[in-house]
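Protein chains in written order, with the working numbering: chain A, 3 to 668; chain D, 3 to 668.
Beta carbons are placed, not taken as given, at the ideal position from N, Cα and C, and that holds for glycine.
Data first, discussion second: the structure below is written as structure tokens.
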């Protein structure tokens with residue numbers, strides 16, 4: 003995140019012949035921050051100068067590289083930012099020479115004085131810059147508004163695809179010599195079509211359900227450019243890589259036209275962009291691909307098929323299909339998950355201006371995995387791990403926590419919480435009788451005594467964070483969020499929830515993977531986590547069974563995580579209803595005998611707890627999205643808190659008739 | 003929220019002549035919950051039976067009345083709900099007789115087996131039901147996706163406006179005898195056009211910036227129906243009422259056609275629907291209007307101009323313009339604010355299944371106003387007020403808190419927090435040296451010792467809430483949210499933030515208003531709040547000045563609230579930039595001498611604090627939206643947390659050139 007003297011790792015084709023007019027292109031896969039115009043412009047300039055040194059025809063930046071994607075509503079509420087981004091664009095244009103640049107920016111919609119503006123105030127656009135000028139503009143046509151995408155809130159759909167020369171260009175005192183007039187551009191003798199992100203993702207044959215009636219690519223490629231360029235800021239999610247590859251390959255082959263795809267890296271709150279910019283030849287063959295989750299300048303030649311192919315993270319093949327079955331220990335994309343989470347943690351801290359983290363280390367699975375991730379992302383010296391035992395904390399957990407901290411090389415302190423929870427208990431006891439006199443006896447289901455432990459721990463972490471300019475990190479996982487098994491202002495509280503989109507069974511698989519596959523550069527590459535941490539039953543360690551004296555495990559209170567996680571998987575992958583879940587054999591049932599009454603009870607409990615968990619989703623910190631769907635991150639999924647009386651089991655027509663016929667006096 | 007034997011207050015025209023064919027219509031302004039199909043259907047049936055008893059031709063329900071608006075992404079992730087809502091619709095249709103009904107519902111998009119579905123899976127639709135059948139369907143064309151609206155995430159835009167008979171109607175075994183075939187419907191001899199919410203809000207002459215190129219109303223009314231019906235679920239926000247009135251009147255007059263407008267009441271999380279369903283004659287004259295913020299069945303006759311007009315809340319005239327200037331004590335819509343907040347609190351508790359609330363009463367302004375609102379909404383016996391003094395809490399604040407509780411008739415307890423914060427302090431002190439040995443000395447700007455007081459208070463409230471099934475209520479106001487002057491897990495934490503969209507100066511005006519204007523039915527209608535609570539300087543009461551020993555006020559730490567609130571007002575109303583704010587004389591400056599250096603310092607501080615406050619917005623509880631704009635509620639405004647390096651002051655072209663020319667080594 004240094005802002006001057008920047009450099010990018012560069013990758014050149016093995017037999018690279020520099021010089022203008024050869025069709026050499028640079029794919030500038032950079033990490034930008036929304037609204038940080040100066041910082042983003044510096045990165046753009048650094049890549050531009052590097053590309054000029056390589057004497058390439060054109061350097062291509064990701065979607066909205068100048069403003070940073072996604073800008074969200076900031077550009078709506080603060081239109082001055084859009085005016086500013088035009089000034090920066092003009093400045094960058096002035097700095098260009100023979101190496102042209104395609105730069106994503108926010109284009110204000112400026113109708114003539116006699117005309118009314120109809121629709122939103124801006125286009126999601128890109129500009130061709132070169133020889134000191136802004137030469138052409140390209141506007142996004144397909145404006146997504148689903149899942150993590152909200153372009154529709156800010157950007158008007160452009161009816162025109164391809165290069166145009168809008169009137170405002172004269173305002174910046176630059177003269178557009180747009181030559182082709184057919185939506186294509188010619189740069190050093192080569193003719194390109196330019197598109198932005200979603201415009202590529204609507205092929206009516208490739209997709210089962212195209213999202214839009216329009217296909218801008220068809221229009222662009224009917225003009226027969228030599229290559230198609232796409233500027234993207236496309237989030238990385240599990241198994242999306244194979245769709246991305248197949249789509250790009252399909253489009254290149256379908257039109258017999260090389261495809262050059264430039265994607266952003268870096269994380270913006272909950273959204274992680276994976277990079278892996280790439281190029282395909284006219285037969286749909288991949289011939290170049292940049293690194294994943296790293297800034298890079300990848301130089302390629304689409305006409306000679308020249309470029310280098312960086313591997314994708316881990317064993318996941320580029321064309322592996324989405325997991326067709328639920329596997330509790332799905333390991334196909336753990337390496338991608340690891341890299342994505344590392345980038346997410348690193349960027350969140352760097353972009354908010356923090357270097358250090360504090361984390362409660364319980365000796366349980368979730369906090370252990372989060373500790374490894376944060377230590378690897380920020381450096382172990384920047385993670386303060388805190389053990390906060392209560393009277394019921396098993397000695398094994400305390401020693402496991404210490405072992406993890408020592409293995410990682412993190413600072414570690416222990417703060418018993420007994421005196422704190424005792425103070426709460428004592429003060430509450432002085433008023434309880436008075437409240438009971440008014441409101442009746444305490445609710446037998448109250449878990450206030452459990453929760454106060456989790457909240458006291460989170461409070462200590464927040465105080466330590468405040469005193470030492472460190473961010474506290476939340477440890478709740480996706481299964482816990484679905485089941486509402488997390489304490490508000492407690493374990494689910496913090497500045498960031500790194501594994502909030504990773505189900506418990508996958509957290510366990512990730513723990514095993516971490517023990518084997520961390521990079522050799524870290525202090526303890528192998529077996530950083532004691533086996534006991536991975537195998538012990540999960541639980542909040544907040545109460546003991548009054549009969550047995552044993553700590554109550556989460557699965558005893560809830561249901562087996564393997565079952566719950568399969569429900570989550572079926573909801574997201576198959577959109578199954580309660581009835582379908584009940585009547586479809588689970589993979590879980592192949593391993594474990596499961597009476598149908600038990601299955602029904604667990605399903606009822608799952609949906610009931612999920613309905614009540616929505617408030618917790620609403621106040622959760624940012625959750626790094628890594629899974630292919632079904633996240634409860636606020637950027638991804640909106641569920642009204644008061645929508646908690648959904649009858650998930652459904653009604654038969656006869657039941658409906660009976661309910662409607664009930665007497666309703668007027 | 004009782005679910006059987008329901009009844010609605012009914013309003014009949016003064017000279018009402020019952021009987022079919024006379025053009026009598028019933029506007030069923032009901033309060034529904036998203037996803038609660040059985041509950042919503044029961045309400046619909048109750049209104050239908052009442053309308054039948056009045057022998058009206060047609061009863062009209064709000065937009066999406068059956069599913070509940072807004073359903074948000076629930077219907078995308080759980081498509082079974084859409085299938086269920088069709089079953090309920092069929093059941094209601096079977097129950098109809100001679101009184102027809104217009105019922106909003108979610109229509110699945112079901113292409114023929116040979117066709118691919120293009121676009122989203124559902125329409126936002128309404129059905130005409132009558133004589134036991136589904137007779138016609140109407141689909142929304144204009145799909146909003148701005149501010150609090152997110153229909154675009156779930157609903158496809160319909161190219162067709164007006165009545166249609168889709169093929170799936172045969173699936174429910176009902177035969178559509180759609181007669182007019184021109185998008186109009188005929189009910190008991192009268193011919194109507196039917197539109198849904200946003201379709202009405204795009205008149206190209208009325209609006210300075212129409213949001214859509216299309217105007218469905220023009221198409222519908224070119225067929226010359228006798229009246230235009232609009233089914234709405236339109237949130238209530240400050241000064242929107244005058245726009246609503248002017249638009250409806252304009253459209254009715256423009257086309258010389260009576261307009262019948264039915265609006266939802268009730269609150270869904272952050273969105274409050276105000277009701278006030280109404281009808282205009284063909285000259286644009288209002289002749290009927292239902293109550294605001296109350297369920298009601300309003301019977302009207304658009305052909306005879308018959309109906310009654312309920313007053314809007316308070317002195318606000320229906321055609322008062324939006325406040326043209328900033329007034330710190332703007333009182334024009336305090337009555338509406340009060341009713342909107344009361345509905346919001348009442349509905350949030352009722353729909354989440356809670357009757358009781360707990361609130362920390364500090365003796366300060368915000369908690370005092372929230373106490374009155376919650377007591378009025380839930381009944382004083384259902385609000386436990388808790389005074390939680392620390393060693394630095396002034397005695398005056400403790401006694402003021404007690405006075406308020408006594409005036410309201412709320413249960414009140416006192417819990418000193420000294421022993422709790424001492425326990426935190428003690429435990430932290432045992433590890434601080436160890437952490438300092440690794441990370442260096444404690445940050446001098448740390449406010450951990452202040453925050454732990456606020457967090458301890460919130461924890462006690464949460465525990466009491468847990469023990470007695472009561473929800474804790476947050477007290478942060480809009481000015482504090484903008485300035486980040488709120489403690490995470492502390493005063494800004496809770497199940498709901500009732501005044502999170504009310505600026506401090508307006509909270510103060512509301513306090514004075516409450517002292518005068520509460521309904522006579524409450525225990526202490528007048529002067530419930532001691533004058534000292536209203537006039538004392540605001541502050542968090544978390545620390546004293548080490549020199550003077552005085553409590554540090556918020557305005558001393560920040561800036562005058564009247565100044566900050568004018569900035570918020572100028573941002574939302576005028577979209578002014580930092581530079582414009584600096585160079586435009588404030589209303590504040592008419593009252594107070596303000597050197598330009600001081601103004602610049604406050605502006606810098608405002609934007610700096612706002613940039614860092616965004617995380618707090620992200621984890622805030624639901625905020626009841628009441629203002630006309632500029633809220634930081636998550637349903638309304640999205641700002642990336644990491645977008646905190648915006649250079650609000652902007653750069654000149656020369657500065658930009660200099661930055662871009664900085665040496666960037668490669």
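Cα separation between residue 438(D) and residue 556(D)? For the purposes of this step, residue 438(D) is taken as residue 436 along the second chain, with counting starting at 1. For the purposes of this step, residue 556(D) is taken as residue 554 along the second chain, with counting starting at 1. C-alpha separation (whole angstroms): 31 angstroms.
How about residue 436(D) and residue 569(A): are their beta carbons less than 8 angstroms apart? Here residue 436(D) is taken as the residue at index 434 of the second chain, counted from 1. Here residue 569(A) is taken as the residue at index 567 of the first chain, counted from 1. Not a contact, by the Cβ cut-off of 8 angstroms.
Smallest Cα separation from residue 488(D): which of 467(D), 244(D), 455(D)? As a position in the second chain, residue 488(D) is number 486, starting the count at 1. Residue 488(D) has its Cα closest to that of 455(D), out of 467(D), 244(D), 455(D).
Distance, Cα to Cα, residue 266(D) vs residue 642(A)? Position 264 of the second chain holds residue 266(D). Position 640 of the first chain holds residue 642(A). One C-alpha to the other measures close to 16 angstroms.
Exposed or buried, what is residue 528(D) when buried is set at 16 or more other beta-carbons lying within 10 Å of its beta-carbon? As a position in the second chain, residue 528(D) is number 526, starting the count at 1. Exposed.
Which residues, in chain order, does the segment 343-372 of chain D contribute to contact with chain A at a C-beta distance below 8 angstroms? 349, 350, 353, 354, 355, 358
To the nearest angstrom, how far is the alpha carbon of residue 319(A) from that of residue 244(A)? Counted from its first residue, the first chain places residue 319(A) at position 317. Counted from its first residue, the first chain places residue 244(A) at position 242. Only weak support is given to the placement of residue 319(A): the predicted model assigns it a pLDDT of 49, under 50, and the value that follows is read from those uncertain coordinates. Whole-angstrom Cα-Cα distance: 8 angstroms.
For residue 347(D), three-class secondary structure by DSSP: Position 345 of the second chain, counted from the first residue, corresponds to residue 347(D). Helix, per DSSP.
Please name the residues in the segment 377-398 of chain A whose beta-carbon is closer than 7 angstroms to at least one beta-carbon of chain D, in chain order. 386
Report the three-state DSSP secondary structure of residue 116(A) (helix, strand or coil). To locate residue 116(A), count along the first chain from 1; it is residue 114. Three-state result, residue 116(A): coil.
Helix, strand or coil for residue 22(D), going by three-state DSSP, please let me know. What you label residue 22(D) is simply residue 20 of the second chain in a count that begins at 1. DSSP places residue 22(D) in coil when its eight states are reduced to three.
For a contact meaning CB atoms closer than 8 angstroms, what does residue 2(D) contact in chain A? Residue 2(D) lies beyond the range of chain D shown here (3 to 668); nothing can be said about it.
Have a look at residue 476(D) and residue 385(D) and give me their C-alpha separation to the nearest angstrom. On the second chain, position 474 is the one that residue 476(D) refers to. On the second chain, position 383 is the one that residue 385(D) refers to. Taking the straight line joining both Cα atoms gives about 13 angstroms.
For the alpha helix (DSSP H) that residue 601(D) lies in, which residues bound it at each end? Walking along the second chain from the start, residue 601(D) turns up at place 599. Per DSSP, residue 601(D) belongs to the alpha helix (DSSP H) from 598-620.
When you check each C-beta in the segment 109-128 of chain A against every C-beta of chain D, which residues fall closer than 7 angstroms? 118, 119, 120, 121
Contact defined as beta carbons within less than 8 angstroms: I believe residue 30(A) pairs with residue 56(A). What is the distance between those atoms, to the nearest angstrom? Here the question's residue 30(A) lines up with position 28 in the first chain. Here the question's residue 56(A) lines up with position 54 in the first chain. Going by Cβ atoms, the distance from residue 30(A) to residue 56(A) rounds to 12 angstroms, so no, they are not a contact pair.
Which parts of the segment 461-521 of chain A are runs of the beta strand (DSSP E), unbroken and 3 residues or longer, counting only runs that do not cross its ends? 472-474
For a contact meaning CB atoms closer than 8 angstroms, what does residue 462(A) contact in chain D? Sequence index remark: in the first chain, residue 462(A) carries index 460 (1-based). Those are 426, 429, 430, listed as they occur along chain D.
Under 8 angstroms: do the segment 125-134 of chain D and the segment 99-111 of chain D share three or more Cβ pairs, one atom per stretch? yes
Could you tell me which chain A residues have their CB closer than 7 angstroms to the CB of residue 470(D), listed as they occur along the chain? Working through the second chain from its first residue, we reach residue 470(D) at position 468. By Cβ distance, chain A contributes 437, 441, 444, 445.
For residue 22(A) and residue 54(A), what's the separation of their Cα atoms in angstroms? On the first chain, position 20 is the one that residue 22(A) refers to. On the first chain, position 52 is the one that residue 54(A) refers to. Distance between the alpha carbons of residue 22(A) and residue 54(A): 10 angstroms.
In whole angstroms, what separates the C-alpha of residue 417(A) from that of residue 525(A)? Position 415 of the first chain, counted from the start, is the residue given in the question as residue 417(A). Position 523 of the first chain, counted from the start, is the residue given in the question as residue 525(A). About 26 angstroms.
Using the three-state DSSP reduction, which class does residue 231(D) fall into: helix, strand or coil? In the second chain, residue 231(D) corresponds to position 229, counting from 1. Correct three-state label for residue 231(D): strand.
Buried or exposed: residue 217(A), going by 16 or more other Cβ atoms within 10 Å of its Cβ? Position 215 of the first chain, counted from the start, is the residue given in the question as residue 217(A). Residue 217(A) is buried by the Cβ-count criterion.
Between the segment 623-651 of chain D and chain A, which residues of the former have a C-beta closer than 7 angstroms to a C-beta of the latter? 623, 624, 636, 639, 640, 641, 642, 643, 644, 645, 646, 647, 648, 649
What does a CB cutoff of less than 7 angstroms around residue 644(A) pick up in its chain, not counting 5 residues either side in sequence? Here residue 644(A) refers to the residue found at position 642 of the first chain. None.
Exposure label - residue 247(D); buried when at least 16 CB within 10 Å: Taking the first residue of the second chain as position 1, residue 247(D) is located at position 245. By the 10 Å Cβ count, residue 247(D) comes out buried.
Meets three-Cβ-pair contact criterion under 8 angstroms: the segment 87-97 of chain A and the segment 36-56 of chain A: yes
Using a Cβ-Cβ distance under 8 angstroms, would residue 668(A) count as near chain D? The residue you call residue 668(A) lines up with position 666 of the first chain. Note that residue 668(A) has pLDDT 40, beneath the 50 cutoff, so the model's placement of it is unreliable and no number is given.
First and last residue of the beta strand (DSSP E) that includes residue 298(D)? Walking along the second chain from the start, residue 298(D) turns up at place 296. It spans 298-302 - the beta strand (DSSP E) in which residue 298(D) sits, taken as one unbroken run.
Under 6 angstroms Cβ to Cβ from residue 177(A), same chain only, skipping five residues before and after it: list those, please. Counting from 1 along the first chain, the entry for residue 177(A) is found at position 175. The pLDDT assigned to residue 177(A) is 45, lower than 50, so where the model puts this residue is not dependable; a value taken from the coordinates is nonetheless given after this. Hits under 6 angstroms: none found.
Which runs of the alpha helix (DSSP H), 4 residues or longer, sit entirely within the segment 46-132 of chain D? 76-79, 82-96
With a 10 Å radius around its C-beta and 16 neighbouring C-beta atoms as the bar for buried, classify residue 409(A) as buried or exposed. As a first step, residue 409(A) is located in the first chain; it is residue number 407 there, counting from the start. Answer is buried; the Cβ neighbour count reaches 16.
Whole runs of the beta strand (DSSP E) within the segment 216-284 of chain D, excluding any shorter than 3 residues: 229-234, 261-265, 267-270, 273-276, 280-282
Could you check whether the Cβ of residue 661(A) sits closer than 8 angstroms to any Cβ belonging to chain D? Working through the first chain from its first residue, we reach residue 661(A) at position 659. Residue 661(A) counts as touching chain D.
Spatial neighbours of residue 412(D) within its chain, please: C-beta separation below 6 angstroms, excluding the five flanking residues on both sides. One-based indexing of the second chain puts residue 412(D) at position 410. These residues qualify, in order along the chain: 377, 382, 385, 387.
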